[in-house]
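Since the structure comes first, as structure tokens, the remarks are kept for the end.
So this is what it looks like as structure tokens:
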């Protein structure tokens, strides 16, 4: 049965009530589906009700003291998986979290859908302004609940969510902490730079000078730079954190640096080195853990101590990496998910002569799309992608497959059956060896040492005396594997890892063809044959 709950203490002095429509039990927490009125009345009736999801840890009804809570803001394209993942992570670690859908998103959208905002720049700006005010209404909801510590409320967001979170936190003094992930300032510059907002950018540029000025003024009114001064004191106290991709191709680095400087934390931005806007999503485990630790500082001391995770053992670290390798080789990602590897690979022979070196980015999703992008010493940059369309990049020429499939009936599969069997066999063997720590320890000896630079190296060797060796080089915090070294009788390989994630949130941007000086349309069948040749060559080199 839906339940109405009154809220008397509000930011604008106007009491209201919210409705708990339903509750879903999860493992370790429950999700309470809420609706409440927007403080802004727009021309679209369905846009005037805010749909929200409140994530409450198990046992919240019997807590001895209230706990901090976090508002989590979603990304531009209306995919709510990332924000739900953030809420789930916080709630599973004892921190209440709430996400709400921004104006004109989800059930709040017009009949033509959220994408219509790209042709309506004035409405887009109005949506961000409304969202900023709705953050204040959402604080009203959280502050009214007995299990929530209203003195320790926070907000976080990713990409567009970070931009809205920054303005919301600046305007709402009850938000003590803010964590901004992949955000920045100078909203107009971001719109004109990012491919994701190219439609909106084109619409703005097509307006008359007078209309364009009005839109630019409206966007300036929702720009984090406009409100940064109100957030600066909290930022200087360490209560605002920015996490950004060092090679972001959506939010330019200078936009991030501009906002950080305006907040007075230019020297404290957490840069995800070697990662872009979408590959940064593959670093979500580290970012989520950072989120928990940041907002968890406000938990009661007894709860904070009980929520500390025990550090993983050497065997657990080795198992987790090998399991991920087996998954990325043999398992199809889940719906809306992808496997991602971003690394530098170097292979040498027994005399340490270099045989192969390349920077490699690989991603594949649940729908058969993939991207392989390699920068090699031998032939330069090669990249290929599958989906719609197929494409291949070499020497600044992009070969793009046509939709015409005539004559393609004889085109081969991308990888032959024998090689697929080899890959699946390796994946199966890896998973079988890691089904349980006890089984793994019967087959392998695991030891560790501390290098001169303070990093831990985990050594894995077969107990039967075979020459194969595996070394894992960890960060100083022992949480992340940064390098994998493999030795065998005739050589060795070193893999420096920037990102390695299975079932990470997927996004169309990961699989788009790369930009090139020249674009040439070719038969999809011819491209498929080319891909097969590349795959056959790669498998031959791996099995030699």
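Numbering (our numbering), first residue to last: 1403 to 1946. Using N, Cα and C, we set each Cβ at its ideal position, and we do this for glycine too.
Buried or exposed for residue i, please, with buried defined as at least 16 other CB atoms from any protein chain shown within 10 angstroms of its CB.
i            : result
residue 1557 : buried
residue 1930 : buried
residue 1470 : buried
residue 1532 : buried
residue 1553 : exposed
residue 1922 : exposed
residue 1539 : buried
residue 1513 : exposed
residue 1754 : exposed
residue 1672 : exposed
residue 1837 : Only weak support exists for where residue 1837 lies, its pLDDT of 45 falling under 50; the value from the coordinates is given anyway. Burial call: exposed.
residue 1417 : exposed
residue 1403 : exposed
residue 1561 : buried
residue 1490 : buried
residue 1551 : buried
residue 1927 : buried
residue 1948 : Summary: the structure shown does not reach residue 1948, with the chain confined to residues 1403 through 1946, and so no result is reported for it.
residue 1608 : exposed
residue 1812 : Here the model assigns residue 1812 a pLDDT of 44, short of 50, so the residue's position is not dependable, and the following value carries that caveat. Residue 1812 should be labelled exposed.
residue 1640 : exposed
residue 1505 : buried
Indicate whether residue i and residue j have their beta-carbon atoms separated by less than 9 Å.
i            : j            : result
residue 1789 : residue 1933 : no
residue 1578 : residue 1775 : no
residue 1638 : residue 1666 : yes
residue 1857 : residue 1877 : yes
residue 1791 : residue 1767 : no
residue 1780 : residue 1796 : no
residue 1705 : residue 1848 : no
residue 1902 : residue 1739 : no
residue 1499 : residue 1444 : no
residue 1651 : residue 1597 : yes
residue 1492 : residue 1549 : no
residue 1426 : residue 1438 : no
residue 1559 : residue 1545 : no
Am I right that residue i and residue j are in contact with their C-beta atoms under 8 Å? What's the rounded C-beta distance?
i            : j            : result
residue 1689 : residue 1744 : Contact flag wrong, Cβ pair sits at about 15 Å.
residue 1436 : residue 1423 : 7 Å
residue 1874 : residue 1719 : 6 Å
residue 1574 : residue 1629 : Incorrect: roughly 10 Å between the Cβ atoms, too far for contact.
residue 1919 : residue 1798 : 4 Å
residue 1751 : residue 1866 : Their Cβ separation, rounded to whole angstroms, is 24 Å, which puts residue 1751 and residue 1866 out of contact at 8 Å.
Can you give me the Cβ contacts of residue i inside the same chain, cut-off strictly under 8 Å, excluding the 5 residues immediately before and after it?
i            : result
residue 1616 : 1524
residue 1642 : 1571, 1579, 1580, 1581, 1582, 1633, 1636, 1665 and 1667
residue 1429 : 1494
residue 1963 : Residue 1963 cannot be examined here, being either before or after the span of the chain that is shown, 1403 to 1946.
residue 1853 : 1859 and 1875
residue 1686 : 1484, 1487, 1903, 1906 and 1907
residue 1697 : 1470, 1472, 1492, 1497, 1556, 1558, 1579 and 1581
residue 1431 : 1457, 1458, 1459, 1460, 1490, 1493 and 1494
In chain order, what residues of the same chain lie with their CB nearer than 6 Å to the CB of residue i, ignoring the 5 residues before and after it?
i            : result
residue 1480 : 1507 and 1516
residue 1406 : 1419 and 1421
residue 2030 : The shown model of the chain, from 1403 to 1946, leaves out residue 2030, and the question about it has no answer.
residue 1897 : 1745, 1747 and 1886
residue 1563 : 1475, 1476 and 1477
residue 1412 : 1542
residue 1764 : 1743 and 1774
residue 1871 : 1863 and 1889
residue 1916 : 1785 and 1795
residue 1895 : 1749 and 1888
Report all residues from its chain with a CB closer than 7 Å to the CB of residue i; omit the five preceding and five following residues, and keep chain order.
i            : result
residue 1879 : none
residue 1446 : 1512
residue 1627 : 1587, 1588, 1660, 1661 and 1664
residue 1565 : 1585, 1589 and 1626
residue 1414 : 1441
residue 1814 : For residue 1814, the predicted model reports a pLDDT of 46, less than 50, meaning its position is unreliable; a value from the coordinates is still stated below. Answer for residue 1814: 1930, 1931 and 1934, listed in chain order.
residue 1834 : Bear in mind that the predicted position of residue 1834 carries a pLDDT of just 47, short of 50, making it unreliable; the figure below should be weighed with that in mind. Cβ neighbours of residue 1834 beyond the five flanking positions: none.
residue 1771 : 1788, 1789 and 1913
residue 1777 : 1760, 1761 and 1783
residue 1467 : 1702
Stretch-stretch touch, CB-based, cutoff 8 Å, three pairs: the segment 1645–1661 with the segment 1584–1596: yes
Does the pairing of the segment 1532–1542 with the segment 1458–1466 give three or more beta-carbon distances under 8 Å? no
Are the segment 1754–1768 and the segment 1881–1889 touching, with three or more C-beta to C-beta distances below 8 Å? Too few Cβ pairs lie closer than 8 Å, so no.
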